[in-house]
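Everything below concerns the one structure shown next.
Numbering (the numbering used here), first residue to last: 55 to 363.
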């Protein structure tokens, strides 16, 4: 039986009253799962309830994921953020939540942790993490924009360029049975000045440890600006910079089409990742074709699932 809005409100009121009754000086108890959620919010800056559920709490009910997040909010570790119309947008860490995460991180070069742009960061999470939240293969590793910005370059993984000259929206390494590939991800929601792209393309021109740069773009004009900059810096690479249309990605997730510099189809995102992963993992990923879970990261519902009757 689906919970009514009134039932949700009553539950939230009860939980708030419980949190107020906690004895002064008594720290809230954090489970291992709670700590994983806090770390997840730090790494990706933002997350929807559905994203947290997909990545961390799938064995339990969707509604229980919401209850965990609400408990963490009541204890002061996370914050529910809202858009200009007053609708729920994403969960983020609070300062108190960050201090819990920080105690388990290497020394940071920057103690900032919050998101400057919720919608950009949730799109970056959907594009960079995508269906890996569902598959969670041991051969796949991430280095997020947050980690690029905050961790000292000397503590970067050996497969990440030790430079803050340019900070992508994230890196992914896939160690397949036949090949290991490192990818960079960029989310462009509007066309920037060509000079800005020249700096980015100059960085990528010499970052040859990368197999490919994936761009999520809002329009053909943005792609045109990027390619102009590519020509300006004399980058003659081909199939190195590839593009995914934002509207296609929002509709189809990992089944969105990738095109190269000449607007030729280079597979879908799913097919691209299947090729790198190898046969066993490829088959598992293929089972999700036509029902991509990448868009769980873009879900705007604060409360998901059902409550108990």
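Cβ coordinates follow ideal geometry from the N, Cα and C atoms, glycine included.
- The beta carbon of residue 284 is closer than 7 angstroms to those of 255 and 295 in its chain, skipping five residues each way along the sequence.
- Put simply, the backbone Cα of residue 217 is about 13 angstroms away from that of residue 224.
- When DSSP states are grouped into helix, strand and coil, residue 315 belongs to the coil group.
- Between the region 316-323 and the region 247-261 there are fewer than three inter-stretch CB-CB distances shorter than 8 angstroms, so the stretches are not counted as touching.
- In this model, residue 91 and residue 273 are separated by some 34 angstroms (Cα to Cα).
- Secondary-structure assignment with DSSP links residue 120 through no beta bridge to anything.
- Annotated as distal: residue 159 and residue 145, with beta-carbon spacing of 8 angstroms or more.
- In the DSSP assignment, residue 162 forms a beta bridge with 205.
- Between the alpha carbons of residue 97 and residue 264 lies a distance of about 21 angstroms.
- In this structure, residue 147 sits near residue 167, with a CB-CB distance shorter than 8 angstroms.
- Here the C-alpha atom of residue 196 lies approximately 31 angstroms from the C-alpha atom of residue 286.
- The alpha helix (DSSP H) runs lying completely inside the region 235-271 and spanning 4 residues or more are 248-260, given in chain order.
- Counting the other Cβ atoms within 10 Å of the Cβ of residue 105 gives 16 or more, which makes it buried.
- In this structure, DSSP gives residue 224 an extended state, which the three-state scheme calls strand.
- Put simply, the region 297-308 touches the region 320-334. At least three CB pairs are less than 8 angstroms apart.
- Membership of residue 196 in the beta strand (DSSP E) is indicated by the continuous run 194-198.
- Boundaries of the alpha helix (DSSP H) harbouring residue 153: 149-156, taken from the DSSP string.
- Per the DSSP secondary-structure output, residue 214 pairs with nothing in a beta bridge.
- Cβ-Cβ separation between residue 228 and residue 178: approximately 18 angstroms, too far for a contact (criterion under 8 angstroms).
- For the pair residue 212 and residue 360, the Cα-to-Cα distance works out to about 44 angstroms.
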